[in-house]
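First comes the structure, then the notes that go with it.
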Amino acid sequence: MLRLSWLLATCALAQTAFHRSPFQTLEDYAPAVPPSRTPFGTPSPTYWQNRADYQMEITIDPKTHRLSGTARLTYTHNAPFPICEIWLAVEPNYFSLDGYGHLSRNFQWEDFRRDAKRGRANRIELYARQLENYQRTNLQITEVALEEGISARALPYRIEETLMQVALPRCLSTGERLTLRFRWSFTLNDALVEGRAGYMMTEKGPIYQVAQYYPRPVLLNDIRGWEKMPYYGPSEFATQFGDYEVSIRMPKGYLVAATGRLLNPEHVFTQTQLERWKKVNADSTTFITTAKELPLKVEKDTLTWRFRAENVRDFAFAASNQYIWEARYTQVPGAPQPTLVQSLYIQEVAPLWRHLALAAAEHTLHEYSRYTFPFPYPSMTVAYGGVYGMEYPMIVFCGRQEPGKDGSISQPLRHSFISLIIHEVGHNFFPMIVCSDERRWMWLDEGLNTYLENLAKQTFEPLIRANESYIERERLIGYLARGNSQPIMNHPLSIREMGANAYLKVAIGLETLREYILDPERMDTAFQRYARAWAFKHPEPWDFFRCISGTIAQELGWFWKGWFLDTATVDIAIDTVIQEKVFVEQRYREVLLAEDERAVQRYLARLARDTVPMRFYVDKHPELVDAVVKHNRTAYAELLAKRQKSWAEAAAAANKYLKEKGDLYEVRVRFRNYGTMVWPLWVKITYKGGASSLWYFPAESWAKDPSTLVKVFYTRQPVEKIEVDPWGISLDIRPENQIYIYGAVGGD
């Protein structure tokens, strides 16, 4: 009995100490797996989701910017429980003086201090223009009805902030569906002032980028039920999939691009435009309209543009009489059909947009498809306007980046524009297809999308990521080192620095997981599995963690907890190095040095990875090659030659080093963890003769003692230098203490 008590007490103490350790498995802290999901981070056979199919007719009056709409919503209920009401988003109510989006605004004191630089009048004028947006929206809902055969019954409803609750005459059971009718109108907002959609006024007329304009059911899922968090602005949307048939009525002269396929080109295009439309192909770019023809004359008569989109989570459109319209097809390997890629922009930005927007969009579809799944939709459109950057199914809004008055395009502008297009088009994978709850988890689409954006940019043109990557890592390390960072798993409204938290920390953390903790092959396999498992479904963060972890034979619980759930930092230092010549029998020397030889070969293999020439999108598209690309091509060729020379020199030094037959050195190294997170170590050792070796120690090395790690190396020559993370990608907040140089201050 005494022995049993002692064992139980020991186990209890061990378990307490284990849970205090930063090295934990995912299941030590993860919530229980719900029945509709599996422990492997995938949907289970009992997974369900509801569906929302739409038929809509939309009209815009360009004189007043008033949008009027009617809609038939067929809602299919698949949940294993009845519902007696439906909650819908009415996001035009965001622009309301009584709305929480306005009332919850927290002005930053620093903004007032910047007045001296920016001008107080500018700040006050901007705020006044924002208030104008709030004052004139005036959302009016004139019909909410349930269709009953050929008649309709008005339904009671109430609106709270950006949500509308519609009471049903009877509860809807599993597998049942109903059809609701809506009629509404409101005035679109000025997109240059605020908003993810709206209009932009120019001397030639308005440019419309229209979204969040109709009542739509919010997400109902197995985790939280209805997603009833109002739309406050920073956090985006949580919607259901469905089919859309939408008619958009605009004055004749307006060009309209939208989510889905255009069904009636013969009715809305001129004869010339229609002939060009029919000639669109995959071999070259076709211009449906050209600069010489614009702006098109706007007439009193109207045209109705009809679109159909299948299995999408939303529907958006853009309209203007000023659009230059580029188009071509591209065939993504494995996709069910060629994708029509389109770019619509105005003459003023043509030097920047011409060919480049279309090219960046096409490149994105191909690169993202490699890492996830073949792009399934028939079209992808990039439309210019007052919105800086915003994504919707098959269409994205971009703007506010313009060439110089002389049409010049600087390298920073070009790279920024390419990044913008790739990022927004990339959102068609996350969250337009892998449809996470943006309202709750900003990082689950923004961070994952930025991660893939960075991979895609590397292969668009030479060196586009080189300087940017360094700047981003420095910015992130600065954010972490300040000591006031926030967990990634945080409510979007509470995040102080969204860019650093929901974008950078996630993207660079996953890059580090791919390049430093795992390897590209394993990470790419796991990421693709997650994307394919949750295509056209609604994943949660724990599904992502479980799916990545479940695909590889390596425990990552410590990483998810420290990097995503906590504010842990990496701060690992080389504390003490002692090396001395030792003497053993020859057969033991060979055994001890076998590990050293593997480390030398590992270093050469790692160097060789960077000597393989990359293939870039611009290599196949000479129309994109300008002075910037030519300069970067030369710089990349020089960098590649330098890497190849370094590899050759390293190989020669390694060959000489491995032939050493005499001495044996024991090198004892004590590493200290001054951070709050365990971390794997890549250690580069440089020997007296110039050869180098590369050693890897997994995060599990810290399991027994998260503060101290001692390693012993046996080498053929004395050590001149030891480096932790020789590539500078481990996100350590104090990299200066990760280098040991023999004979330097602090050395032995």
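The sequence shown maps to residues 0 to 747 in numbering that gives the first Met the number 0.
By construction, the Cβ of each residue, glycine as well, lies at the ideal position given by its N, Cα and C atoms.
Classification of residue i by the beta-carbon crowding that lies within 10 angstroms, buried from 16 upward
| i | result |
| --- | --- |
| H266 | exposed |
| Q239 | buried |
| H630 | exposed |
| P375 | buried |
| K277 | exposed |
| F416 | buried |
| E541 | Per the sequence shown, the amino acid found at residue 541 is Trp instead of Glu. Buried, since its Cβ has 16 or more Cβ neighbours within 10 Å. |
| Q48 | buried |
| D97 | exposed |
| M200 | exposed |
| E589 | exposed |
| R715 | buried |
| S729 | buried |
| T363 | buried |
| N427 | buried |
| Q737 | buried |
| G661 | exposed |
For residue i, the nearest candidate out of the options (CA to CA)
| i | options | result |
| --- | --- | --- |
| T449 | S691, S493, A501 | A501 |
| R65 | L162, F94, L187, T37 | L187 |
| D27 | I158, V677, L479, E554 | E554 |
| R608 | A593, D518, A653 | D518 |
| A532 | Y376, T37, Y93 | T37 |
| V395 | Y383, Y328, Y93, A552 | Y383 |
| L218 | M228, V682, E719 | M228 |
| F286 | K299, A308, Y322, I507 | Y322 |
| I463 | I432, G425, S418, Y391 | S418 |
| D618 | F459, Q129, E589, I577 | F459 |
| A634 | E520, L591, P461 | P461 |
| V768 | E401, I158, P81, Y53 | There is no way to answer for residue 768, as the model of the chain reaches only from 0 to 747. |
| A567 | R135, A480, R369, T258 | A480 |
| E193 | A144, L412, S95 | S95 |
| Q578 | Y739, E160, Y616, S484 | Y739 |
| L592 | Y664, D221, S706 | Y664 |
| A358 | N280, E622, Q270, I732 | E622 |
| D221 | W86, Y387, L102, P33 | P33 |
Contact set for residue i: own chain, Cβ-Cβ below 6 Å, skip 5 residues either direction
| i | result |
| --- | --- |
| R195 | M389 |
| A318 | Y207, M249, Y253, V255 |
| C434 | R312, H537 |
| L547 | Checking the sequence shown, residue 547 turns out to be Ile, not Leu. Around I547: A525. |
| K710 | V668 |
| T284 | E325, R327 |
| E467 | none |
| A210 | A196, A315, Y391 |
| R690 | Residue identity check: residue 690 is Ala in the sequence provided, not Arg. Here the set comprises A652, A653, Y656. |
| A153 | A144 |
Same chain, Cβ closer than 7 Å to residue i, five either side skipped, listed in chain order
| i | result |
| --- | --- |
| T550 | T524, A525, R528 |
| C10 | Confidence at C10 is low in this model, with a pLDDT of 44, below 50, so the placement of that residue should be treated as unreliable; the coordinate-derived value is given next. Excluding residues within five positions, none has a Cβ falling inside 7 Å. |
| W701 | F22, N672, V677, L708 |
| E361 | T329, V340 |
| T73 | D52, R176, T178 |
N-terminal and C-terminal residue of the beta strand (DSSP E) that residue i is part of
| i | result |
| --- | --- |
| F372 | F372 -> no beta strand (DSSP E), and no H or E assigned at all. |
| R169 | 162-171 |
| L606 | No beta strand (DSSP E) contains L606, which is instead part of the alpha helix (DSSP H) from 585-608. |
| S548 | First-last for S548: 540-550, but that is the alpha helix (DSSP H), not the beta strand (DSSP E). |
| Y695 | 691-696 |
| T69 | 65-75 |
| Y344 | 338-344 |
| L663 | 663-672 |
| W681 | 680-686 |
| Q54 | 50-60 |
Cβ of residue i within 7 Å of any chain B Cβ
| i | result |
| --- | --- |
| L462 | Considering every chain present, this structure includes no chain B. It has just one protein chain. |
Same chain, Cβ closer than 8 Å to residue i, five either side skipped, listed in chain order
| i | result |
| --- | --- |
| L639 | T610, P612 |
| M55 | G68, T69, A70, R71, Y213, Y243, E244, V245, S246, F314 |
| T544 | As written in the sequence, residue 544 is Phe, which differs from the Thr given in the question. Result list for F544: L25, A29, G40, L555, W559, F563, in chain order. |
| V297 | P61, G204, P250, K251, G252, Y253, N320 |
Terminal residues of the alpha helix (DSSP H) in which residue i lies
| i | result |
| --- | --- |
| F563 | From DSSP, F563 is part of no alpha helix (DSSP H); its letter is neither H nor E. |
| S729 | S729 -> no alpha helix (DSSP H), and no H or E assigned at all. |
| T524 | 519-532 |
| I507 | 505-511 |
| Y198 | Per DSSP, Y198 belongs to no alpha helix (DSSP H); it is in the beta strand (DSSP E), 197-201. |
Could you pull out every unbroken beta strand (DSSP E) segment of at least 3 residues lying fully inside the region 221-279, listed in chain order? 241-250, 254-257
Runs of alpha helix (DSSP H) lying entirely within the region 395-468, each at least 4 residues, in chain order: 410-425, 442-457
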